[in-house]
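These notes concern the structure reproduced below.
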Amino acid sequence: MAMTIEPLAGWGRLPLVSAPQARPTTTGELTAAWAVPGRRISRGLGRAYGDASLPAAGGFALSALGMSRMISFEVATGLLVAESGVSLAEIIEVFLPRGWFLPVVPGTKFVTLGGAVAADIHGKNHHVDGTFGAHVAWLDLLLPTGGSLRCSEGQEAAVFRATIGGMGLTGHIARVAIRLRRVPSAWCKVRTLRGRDLSHTLELLAANDGSYRHTVAWMDCVAVGDRLGRGVVMLGNEASPAELPAKNAAAPHRLPRRPKLAVPFDLPECALGPFTVGAFNACYYGLAKDAETLVDFEKFFFPLDTIRDWNRIYGRRGFAQFQAYFPDATAEAGLRACLAAIGRSRQASFLAVLKRSGPANDFPLSFLDLGYTLALDIPGPAKTLAPLMAELDAILVAHRGKVYFAKDAFVSPALIPAMYPRLDEFRLVRRSLDPAGTVRSLLSNRLKLHD
Amino acid sequence: MTETNPPPYVVVGATSPIARAYAADCAAAGKPLLLVGRDLAELELIAADLRVRHRAQVAVERYDASLPGEGRRLARTLAVRPPAAVVAFHGIMGGRDEFAAMLQVNCASIAELFESVADQAAQDGGEPVLVAVSSVAGDRGRQSNYPYGASKAALDAYLSGLRNRLHPLGLRVVTVKPGFVRTKLTEGKVNPRSPLLAEPAQVAADIRRAIEGSADVVYTRWFWRPIMAIIRAIPESVFKRLKL
């Protein structure tokens, strides 16, 4: 199997490595690539922000992108079987016009099916629909010791559960059977409310999660003092065709056309300095109105996908994403401490997102549980990021918070067992599948997810 | 039911990236397809994908271009439902010790298939467009890959003659000459950022336009036509000294 050495990075472009990558396009080539000796990690569209899709030193990456066939679809049940390299964007393109949508989508549609399973992604509907993994009927895994295994809740359940959220460390996810959901239209009725400060924003989210399927808050992480944690809360339910304007009601599942924008080159560092970020945040809050509007799925679920390669706005220095979960009891104090630390550092990002999360699932490495999760970008380089990240680590420890593997590039490995109390259960399954430890990423090495 | 169905597009060597892009293009346009190739399991996957994505009508058929006789057998299968076009994508690239195999797969197999399909069409009145994917490598033998180039040059001469013979019968023959395309053949040989490197989908679109239009010989991307004109114009006394 021929491999080319390529520069590889996650979406934050920190870290950046040079490693061989295999790009099989047929079942035969996939089998051959998987049989190549040595350390390997599977990689999809590279949307994990940190090092989850980067091979450990001396290893290779196995790209799933060449294996992207949709195998079958059952109209009666909505069950779609596809190879893991299919992107959520492709699934939406094919099935939304037919009235079907993915049960869970993250903030970008440019992730693969395999990546969505490996990171057990969540969306704005976590409090209602749980994570992506909850809607997976079964999956086919290429095993580290060779051969393939079909697993589900009813068959090899331990392997199935460890693979969902398992960051690709149990083997190569080759096929996924995912249950799509019928939607009445491609539009959401969205109510927008403004939270004055952190406790008000949290209160608005908690008070409304029973009546809205999709909830999210954008937070101004430049605001300090009394206004710390002020935000714009967006509450959405899917619109029925009768609720759409006449011109859309005729084809309720058709998305409006929009221009394709792209960031064509790396912007200079000053483009996102404290001043521009502060001005953006102030305008965003100031211009938001308490109102109800119709918003199409594309704009509601994937606002940043309109701008291709938006990670380039951070320039060559790259950036990190910090995503933390806090349980209900400690959420307000934990979030307050995080926002204060980020505000003081003057490294705030222009986008911070706060989400209410529902109860945990039964996948040992899955991220969320009942509480809140905050996600925001912090510009690099790594040198200036490290002290702030260390400060945030301490806040997480003090407030029983945890980090999300798909976003992380900095957390201290010592904190992982406390954040993920079922880590040993995962390690046990992983060790039985891969006694030689050949499936590894920079992430799994850094955080000692193996031993 | 078959009487009212539009005639299928036959994609030979359907597991190659360019063929897959072309088949997807056809399926998206609602054209029925027959995918032909050696690896039946892989063909079934590609067919399944086109059915799910485009609700396309897709059938598969096994065919091994390395075996003489397969072309005649395939042509008999095609006669059941006379095709709109037969597009041969298959080919192999090898070194000096694989000359015979390349002549068989890259030229003789296509000749056998096209002769049989043309005879069949003359009998039953079908009008299939016969399309073969050759290569710019056939335009001039270069030391770096002349065995492959020679097999493609043989294919070019064959297609030219066939076109000449079939023209009075109203049958079209199209020669497609791709340059660098992002596939296994160019991986590691051509800079992945080279502006000369085309995506399989671009080449597939050029092939579709060629079939819909009236072209005889198509270079894809288009800029290979002037590039190869210059390369062909270099006198042999100079060319033999070049490192190409």
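Protein sequences, first through last, are from chains A and B. The numbering used here puts the first sequence at residues 17 to 467. The numbering used here puts the second sequence at residues -16 to 227. Every residue gets a Cβ at the ideal spot worked out from N, C-alpha and C, and that includes glycine. Bear in mind that the values here come from a model prediction, so they are computed numbers and not experimental data.
query, result
"Return the chain-ordered list of same chain residues with a C-beta closer than 6 angstroms to the C-beta of A/R207, the five sequence neighbours on each side being excluded.", "L251 and E308"
"Run down chain B in chain order and give the residues with a C-beta less than 8 angstroms from the C-beta of A/F89.", "V35"
"Quick check on DSSP: helix, strand or coil for A/L271?", "coil"
"Rounded to the nearest angstrom, what separates B/V157 and B/A68 at their Cα positions?", "10 angstroms"
"Under the three-state reduction of DSSP, which class applies to A/D306: helix, strand or coil?", "coil"
"Three or more C-beta pairs under 8 angstroms: does that hold for the stretch 177 to 189 of chain A against the stretch 436 to 449 of chain A?", "yes"
"Among the candidates A/G162, A/A193 and A/Q171, whose CA atom is the shortest distance from the CA of A/G187?", "A/G162"
"If we ignore side chains and look at the alpha-carbon of each, how far apart do A/V110 and A/T47 end up?", "28 angstroms"
"For the beta strand (DSSP E) that contains A/T20, what are its first and last residues?", "T20 to A25"
"Count the other C-beta atoms from every protein chain shown that fall within 10 angstroms of the C-beta of A/C354, then say buried if there are 16 or more, exposed otherwise.", "buried"
"Counting only Cβ pairs nearer than 8 angstroms, list the residues of chain B close to A/A18.", "K167, E170 and G171"
"What are the start and end residues of each continuous beta strand (DSSP E) run of 3 or more residues lying completely inside the stretch 314 to 385 of chain A, in chain order?", "335 to 343 and 368 to 373"
"Between B/N174, B/R215 and B/A115, which lies nearest to B/T203 when the distance is taken from Cα to Cα?", "B/A115"
"Are the C-beta of B/L28 and some C-beta of chain A separated by less than 8 angstroms?", "yes"
"Check the C-beta distance from A/L459 over to A/G66 and give it rounded, since I have them as a contact under 8 angstroms.", "6 angstroms"
"Mark B/K160 as exposed unless 16 or more other C-beta atoms lie within 10 angstroms of its C-beta, in which case mark it buried.", "buried"
"Enumerate in chain order the residues of its own chain whose CB-to-CB distance from B/V119 is below 6 angstroms, with the five nearest sequence positions on each side excluded.", "K160, G162, W207 and M211"
"Buried or exposed: which applies to B/E25, given that a residue is buried once 16 or more other Cβ atoms fall within 10 Å of its Cβ?", "buried"
"Out of A/L96, A/T128, A/A98 and A/E106, which one is the CA nearest neighbour of A/S79?", "A/T128"
"Starting from the Cα of A/L112, find the closest Cα among A/R212, A/L392, A/L404 and A/P200 and give me that residue.", "A/P200"
"Anything in the stretch 66 to 93 of chain A with a Cβ closer than 7 angstroms to a Cβ of chain B? List those residues in chain order, please.", "R85, M86, I87, S88 and F89"
"How would you call A/F281, buried or exposed, if buried means at least 16 neighbouring beta carbons within 10 angstroms?", "exposed"
"Is there a C-beta anywhere in chain B that falls below 8 angstroms from the one on A/V152?", "no"
"Report buried or exposed for A/A347, applying the criterion of at least 16 other Cβ atoms within 10 angstroms of its Cβ.", "buried"
"Could you tell me which whole beta strand (DSSP E) segments of length 3 or greater appear in the stretch 175 to 254 of chain A?", "188 to 195, 203 to 211, 230 to 235 and 247 to 254"
"List the residues of chain B whose Cβ lies closer than 7 angstroms to the Cβ of A/T41, in chain order.", "P0"
"Taking the beta strand (DSSP E) that A/R59 belongs to, which residues open and close that run?", "R56 to R59"
"Measure the alpha-carbon distance for B/Q40 versus B/R123 and round it to whole angstroms.", "40 angstroms"
"Distance cutoff 8 angstroms, beta carbons only. Does A/V249 sit that close to anything in chain B?", "no"
"Report the rounded CA-to-CA distance for A/D236 versus B/R191, giving the unit in angstroms.", "51 angstroms"
"Could you tell me the boundaries of the beta strand (DSSP E) in which A/T124 lies?", "Taken as a continuous stretch (DSSP letters only), A/T124 belongs to no beta strand (DSSP E), as it is neither H nor E."
"For A/N141, count neighbouring C-beta atoms within 10 Å of its own C-beta (all shown protein chains included) and say buried if the count is 16 or more, exposed if not.", "buried"
"So the alpha helix (DSSP H) A/P36 belongs to, where does it begin and stop?", "Looking at the DSSP string, A/P36 is not in any alpha helix (DSSP H); the run it does join, the beta strand (DSSP E), is L32 to A38."
"Roughly how many angstroms separate the alpha carbons of B/P175 and A/T20, rounded to a whole number?", "10 angstroms"
"Is the shortest distance between the beta-carbon of B/E25 and the beta-carbons of chain A less than 8 angstroms?", "yes"
"Considering only DSSP beta bridges, list what A/Q171 is partnered with.", "A/S168"
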